[in-house]
Amino acid sequence: MHTFKVGLLIGTMLAASPALAQDGLSPEQASPAPAQDPSAVMEDGQDGTASGDIVVTGIRSSLSTSARVKRDANQIVDSISAEDVGKFPDANVSESLQRITGVAIDRSGGEGQFITVRGLGPEFNTVLVNGRIMATDNPGREFSFDVLSSNMIQRTDVFKSSVPELQEGGIGATVNIITARPLDQRDGFHFAASAGGIYDTLREKAGPDASAVASWTNPDKTFGVVLSGAYSKRKNQADQIAIDGWINGRPDIISMINDQPTLLTGSDPRYPREGNVNVPQSLYYQRVEETRERINVAGSVQYRPADNLEITVDGIYSKFDVSGVVRRMDNFLAAPYFEPTFNENGTATSLGMIGADFIALYPQFLEDNRDRLTNNGLNAKIDHVYNTTNRQSDSYQVGGNVKWNPTDGVELRFDASKTGANRKSPSRYLVIGALLPYSYQFDVAGGAGLPTVGFDNNIINDPDRMRLHYMSVDRNTSRDRGSEFHFDTKFDVNDSVLRSVLIGGSYTERRKINRSFNNSDTNCTYCGYQVPIAQGLLKSYEWGDLLGTGTTIPPTLFEFDADAMLAYLNNPATLAIPSNGRTPEEQAAFAARLLALPGGPFGVREQLRGTVNVQEKLTAGYIAMQFGGSNWTGNVGVRVIKTDVVSSGFNTPVTSITNTPGDDTLQYTYGPATAVSVRNSYVNALPSANIKINITDNFITRAAFSQTVTRPTLTDLGVNNNFGGRISVPQSSGGNPGLLPFKSTNYDLSAEWYLSSVSYLSVGGFYKDLSNFLELQTLPVVRFGRTFQDTRTRNGQTGYIRGIEVGGQYAFDWLSGFASGFGVTGNYTYVDSKVQRDQTLADYDCGYNGLSPHSANGSVFYEKFGISARASYNWRSDYLRSCRSSQGRPRNRSSYGQFDFNLAYDVTENVQVYLQGVNVLNEKVNEWSAIEERYLLLEETGARYNFGVRVRL
Numbered sequence: 019m020h021t022f023k024v025g026l027l028i029g030t031m032l033a034a035s036p037a038l039a040q041d042g043l044s045p046e047q048a049s050p051a052p053a054q055d056p057s058a059v060m061e062d063g064q065d066g067t068a069s070g071d072i073v074v075t076g077i078r079s080s081l082s083t084s085a086r087v088k089r090d091a092n093q094i095v096d097s098i099s100a101e102d103v104g105k106f107p108d109a110n111v112s113e114s115l116q117r118i119t120g121v122a123i124d125r126s127g128g129e130g131q132f133i134t135v136r137g138l139g140p141e142f143n144t145v146l147v148n149g150r151i152m153a154t155d156n157p158g159r160e161f162s163f164d165v166l167s168s169n170m171i172q173r174t175d176v177f178k179s180s181v182p183e184l185q186e187g188g189i190g191a192t193v194n195i196i197t198a199r200p201l202d203q204r205d206g207f208h209f210a211a212s213a214g215g216i217y218d219t220l221r222e223k224a225g226p227d228a229s230a231v232a233s234w235t236n237p238d239k240t241f242g243v244v245l246s247g248a249y250s251k252r253k254n255q256a257d258q259i260a261i262d263g264w265i266n267g268r269p270d271i272i273s274m275i276n277d278q279p280t281l282l283t284g285s286d287p288r289y290p291r292e293g294n295v296n297v298p299q300s301l302y303y304q305r306v307e308e309t310r311e312r313i314n315v316a317g318s319v320q321y322r323p324a325d326n327l328e329i330t331v332d333g334i335y336s337k338f339d340v341s342g343v344v345r346r347m348d349n350f351l352a353a354p355y356f357e358p359t360f361n362e363n364g365t366a367t368s369l370g371m372i373g374a375d376f377i378a379l380y381p382q383f384l385e386d387n388r389d390r391l392t393n394n395g396l397n398a399k400i401d402h403v404y405n406t407t408n409r410q411s412d413s414y415q416v417g418g419n420v421k422w423n424p425t426d427g428v429e430l431r432f433d434a435s436k437t438g439a440n441r442k443s444p445s446r447y448l449v450i451g452a453l454l455p456y457s458y459q460f461d462v463a464g465g466a467g468l469p470t471v472g473f474d475n476n477i478i479n480d481p482d483r484m485r486l487h488y489m490s491v492d493r494n495t496s497r498d499r500g501s502e503f504h505f506d507t508k509f510d511v512n513d514s515v516l517r518s519v520l521i522g523g524s525y526t527e528r529r530k531i532n533r534s535f536n537n538s539d540t541n542c543t544y545c546g547y548q549v550p551i552a553q554g555l556l557k558s559y560e561w562g563d564l565l566g567t568g569t570t571i572p573p574t575l576f577e578f579d580a581d582a583m584l585a586y587l588n589n590p591a592t593l594a595i596p597s598n599g600r601t602p603e604e605q606a607a608f609a610a611r612l613l614a615l616p617g618g619p620f621g622v623r624e625q626l627r628g629t630v631n632v633q634e635k636l637t638a639g640y641i642a643m644q645f646g647g648s649n650w651t652g653n654v655g656v657r658v659i660k661t662d663v664v665s666s667g668f669n670t671p672v673t674s675i676t677n678t679p680g681d682d683t684l685q686y687t688y689g690p691a692t693a694v695s696v697r698n699s700y701v702n703a704l705p706s707a708n709i710k711i712n713i714t715d716n717f718i719t720r721a722a723f724s725q726t727v728t729r730p731t732l733t734d735l736g737v738n739n740n741f742g743g744r745i746s747v748p749q750s751s752g753g754n755p756g757l758l759p760f761k762s763t764n765y766d767l768s769a770e771w772y773l774s775s776v777s778y779l780s781v782g783g784f785y786k787d788l789s790n791f792l793e794l795q796t797l798p799v800v801r802f803g804r805t806f807q808d809t810r811t812r813n814g815q816t817g818y819i820r821g822i823e824v825g826g827q828y829a830f831d832w833l834s835g836f837a838s839g840f841g842v843t844g845n846y847t848y849v850d851s852k853v854q855r856d857q858t859l860a861d862y863d864c865g866y867n868g869l870s871p872h873s874a875n876g877s878v879f880y881e882k883f884g885i886s887a888r889a890s891y892n893w894r895s896d897y898l899r900s901c902r903s904s905q906g907r908p909r910n911r912s913s914y915g916q917f918d919f920n921l922a923y924d925v926t927e928n929v930q931v932y933l934q935g936v937n938v939l940n941e942k943v944n945e946w947s948a949i950e951e952r953y954l955l956l957e958e959t960g961a962r963y964n965f966g967v968r969v970r971l
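Next up, the structure:
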């Protein structure tokens with residue numbers, strides 16, 4: 019660790035020493051803008067061509083613009099630019115960003131959603147839209163790239179080193195998404211549009227995909243308007259075979275001793291293994307079918323009444339709805355486990371579930387252990403789950419910016435903006451099933467190397483055996499509101515090594531409110547598999563060849579109409595059927611109480627204990643100085659931020675804990691809610707320095723130092739508490755309003771060799787010294803006389819992340835004829851890390867979430883004779899998704915790579931046809947727990963194709 023850090027420091031000093039000896043002057047190189055200036059990463063006047071018009075066409079022009087942004091910047095930055103107006107390199111912004119060194123992505127439904135930069139996940143990267151924070155429909159700060167169509171994006175910059183005028187918050191990187199500006203376009207009226215479709219191979223359905231961009235600028239380029247819009251509707255599918263986590267402990271088991279079943283607790287000396295063992299929670303087969311509908315609108319108006327005054331008003335709106343149906347067959351594996359076998363790592367390789375046949379054969383076993391068994395000793399059961407899900411979201415941002423140069427060498431900027439996001443998540447989770455008449459065996463490596471359980475399809479798909487069980491109805495909401503005000507000044511000096519002084523300040527206010535509406539007080543109305551289901555409600559659904567499993571899983575499961583099933587559940591006649599040992603009179607009283615609730619037993623009611631209401635106010639000021647000589651530029655400064663947080667919510671005490679009829683999960687009853695509020699405040703001073711040296715006209719070296727912070731995710735700051743778990747493992751979770759920001763001290767060193775306006779090679783090293791790391795921790799906490807595994811975000815981790823990045827792009831323009839159209843791009847990133855935790859798992863050393871030691875991207879492109887083509891392969895090595903995931907255990911994802919391509923042909927000068935393929939080799943996602951043998955997930959999403967025609971006027 020120290021060798022790497024010292025090496026970077028020495029490199030920084032060596033790079034700086036010749037620069038300090040320079041006393042000549044040169045034109046000022048571009049520096050990153052104040053937060054409100056989305057494009058000032060380039061030099062003033064460098065807006066695309068010598069005349070100031072942006073004429074962006076093709077892969078080479080996109081790569082040339084990206085290379086120029088990287089070369090001209092006064093800090094370490096990478097960029098992706100549009101190939102044409104309304105034509106970003108990929109259909110999804112994050113899928114383009116993964117072609118930048120150090121950037122990897124996470125996908126949802128096979129589509130890029132979040133980014134990881136230099137091993138740090140989405141919560142550690144600040145994403146700006148036109149230089150401003152945009153509210154998100156996610157529970158926290160992390161930005162979902164799937165809400166924006168790439169067709170309205172002009173450029174996206176990834177800042178890897180910091181300067182004082184850049185907004186704080188990203189210790190991984192700050193990403194700025196830039197939409198089109200009319201005064202950057204050619205004068206006159208211009209229009210570009212595309213129309214086509216999206217086809218998903220697994221779902222075997224297509225949906226529409228269309229976009230348009232129109233702009234008008236007067237001949238004097240003093241007034242302009244640009245408006246863009248996009249609409250898409252994608253129908254996708256994901257097939258999964260999964261285990262819902264592994265339970266670590268010493269659960270009760272049943273062992274055959276002297277030919278008789280004997281119940282053994284974890285403390286029994288006859289237990290088959292010393293130390294803790296790991297057993298699966300459940301094994302399920304699942305198909306998710308979704309419809310993802312997205313509407314985007316963006317616009318900008320610019321007015322330049324004088325050469326020294328420019329006014330910009332812009333806005334963006336996104337509506338993104340994801341509706342889904344989840345069909346699932348669940349084998350719930352509950353203790354006591356019959357004759358489990360464990361390998362040398364303590365992993366259960368097989369275990370049995372007890373059916374009615376076992377109890378009939380050994381009736382004395384039930385009599386001897388009745389007080390320690392549930393369901394009369396039966397734990398062999400089958401669940402058929404039908405889950406309707408929805409993500410109904412919208413978000414917007416609107417802002418105004420004034421840039422004024424009152425005199426030569428003085429620039430004043432004022433920027434104000436408002437942003438908001440809303441999300442509604444109505445869902446229904448309906449479970450039916452049966453206690454089975456037969457016992458069955460779980461095998462961790464059954465057919466096709468996947469976990470399996472024994473089954474009798476005639477029984478588990480017999481409608482007459484099915485009974486009601488668990489019914490949950492949710493309608494949760496999230497509301498995010500924010501406003502920003504920036505005032506920035508720049509004073510040019512130009513008579514010494516000191517080139518300019520930047521002074522500015524900002525005020526930001528943001529409030530995130532999450533509210534919980536559900537029927538958690540009545541979701542177990544029918545638990546216990548006792549109440550029959552009316553004829554005609556159940557329908558058989560065929561899996562087909564789910565993930566190539568063939569006959570190793572049941573060929574069918576039950577599905578049903580959710581509205582019809584809920585009507586049956588709410589029917590007073592159904593509620594009157596006695597269950598769980600109640601007499602008819604007791605059942606009638608029970609039903610009357612439920613029917614008297616607002617909305618009935620399955621109406622949604624606000625659960626105040628789930629409320630998260632966090633308000634954050636940020637007051638910041640900065641000063642920065644820019645220096646320069648004949649062949650070097652640099653900057654140094656400090657940004658100071660005061661953070662004030664108020665976390666509000668409700669405390670609802672637990673008044674009783676009972677066992678769920680039919681399984682070993684826990685049910686909680688709560689008392690009256692009491693409003694609570696917690697305040698927190700802190701100040702951070704964040705220094706930074708960057709230096710850039712032109713060793714030759716085409717060879718540049720850079721060094722950077724900075725201190726950065728990432729504030730806790732807003733919803734992690736809540737005062738809420740949630741409870742669940744099993745009899746053997748009670749669980750709790752919630753917010754932590756006392757969290758402090760995660761801090762990082764950063765060192766960067768890089769070199770860039772530019773071969774042409776398109777081609778370059780770069781190499782860099784970075785080191786991040788981390789403290790107060792924010793992570794999800796699971797700790798034992800005693801509550802209500804039980805020991806709960808309490809999972810919530812906590813401070814305390816320290817360590818480092820260090821790495822090397824190599825990237826480049828090369829166009830074979832020097833070749834003749836057909837071959838001159840070829841080019842290549844590629845990058846590779848190696849990341850190493852060390853973690854020192856206050857609390858850790860006894861049998862697993864967690865690293866940093868999202869950190870892949872190796873990631874790489876390579877592309878071959880061709881552009882000539884009207885053909886524009888690119889083939890790309892993206893790959894990242896294994897990485898930890900969460901140290902404490904299902905059952906408080908790790909979740910790792912295996913190495914993953916996928917092949918994508920883009921192909922377009924110019925039919926005429928103004929008409930182009932195109933085809934894009936994503937994951938065309940149909941790569942699958944594989945996840946596992948602490949070690950690879952503890953399987954968690956195999957997921958297939960299939961390939962996706964975008965196709966259509968583009969026109970430009």
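Oh and the sequence shown: position 712 is 730 in the working numbering, straight run, nothing missing.
Note that beta-carbon positions come from the ideal geometry of N, C-alpha and C, so glycine has one too.
- Scanning the region 427-498 for uninterrupted beta strand (DSSP E) segments of 3 residues or longer gives 428-453, 458-461, listed from N- to C-terminal end.
- Under the three-pair Cβ rule at 8 Å, the region 597-610 counts as touching the region 539-559.
- Taking 8 Å as the cut-off, the Cβ atoms of R310 and V340 count as close.
- At a Cβ-Cβ threshold of 8 Å, L612 and M583 do not count as neighbours.
- Secondary structure at L220: coil, using DSSP grouped into helix, strand and coil.
- Judged by beta-carbon spacing, D270 lies within the 8 Å limit of A353, meaning their Cβ atoms are closer than that value.
- When DSSP states are grouped into helix, strand and coil, I659 belongs to the strand group.
- Under the three-state reduction of DSSP output, E770 falls in the strand class.
- Distance from the Cα of T926 is smallest, within the candidate group F883, S890, L955, for F883.
- Annotation for D850: R820 place their beta carbon closer than 6 Å to its own, counting only its chain and skipping 5 residues before and after.
- Going by DSSP, Y559 is part of the beta strand (DSSP E) stretching over 556-560.
- CA-to-CA, the gap between G639 and N440 works out to about 30 Å.
- Residue environment for M274: exposed (fewer than 16 other C-beta atoms within 10 angstroms of its C-beta).
- If one requires a minimum length of 3 residues, the beta strand (DSSP E) runs lying completely within the region 249-296 are 264-267, 271-275, 278-282, in chain order.
- Under the three-state reduction of DSSP output, E160 falls in the coil class, being neither helix nor strand.
- Beta-carbon to beta-carbon, L520 and T540 are separated by about 59 Å, too far to satisfy the 8 Å threshold.
- A direct Cα-Cα distance of roughly 44 Å separates S750 from N964.
- Taking the C-beta atoms as reference points, Q459 is found nearer than 8 Å to G472.
- Here Q553 carries a coil assignment [DSSP, helix/strand/coil].
- DSSP places S179 in the coil class of the three-state scheme, outside both helix and strand.
- Around the CB of V800, fewer than 16 other CB atoms lie within 10 Å, so the residue is classed as exposed.
- Residue burial is scored here from C-beta neighbours: E186 has at least 16 other C-beta atoms within 10 angstroms and is therefore classed as buried.
- Looking only at E945, L869, I949, the smallest Cα-Cα distance to G139 is reached by L869.
- Counting along the chain, the unbroken alpha helix (DSSP H) around R611 starts and ends at 602-613.
- DSSP places R801 in the strand class (E or B) of the three-state scheme.
- In this structure A693 is in contact with F668, their Cβ atoms being roughly 6 Å apart against a cut-off of 8 Å.
- Below 8 Å, too few C-beta pairs join the region 387-405 and the region 420-437 to call them touching: fewer than three.
- The region 185-203 and the region 916-935 do not touch, with fewer than three beta-carbon pairs separated by less than 8 Å.
- For P590, the enclosing alpha helix (DSSP H) starts and ends at 590-593.
- Taking the C-beta atoms as reference points, W264 is found nearer than 8 Å to Q905.
- Between T811 and P748, the C-beta gap is not smaller than 8 Å, which leaves the two residues out of contact.
- In its chain, beyond the 5 residues on either side, S496, N532, T733 have a beta carbon closer than 7 Å to the beta carbon of P157.
- Looking at the backbone, the Cα of Y335 and that of N314 are separated by about 6 Å.
- Listed as beta-bridge partners of E311 by DSSP are K251, D339.
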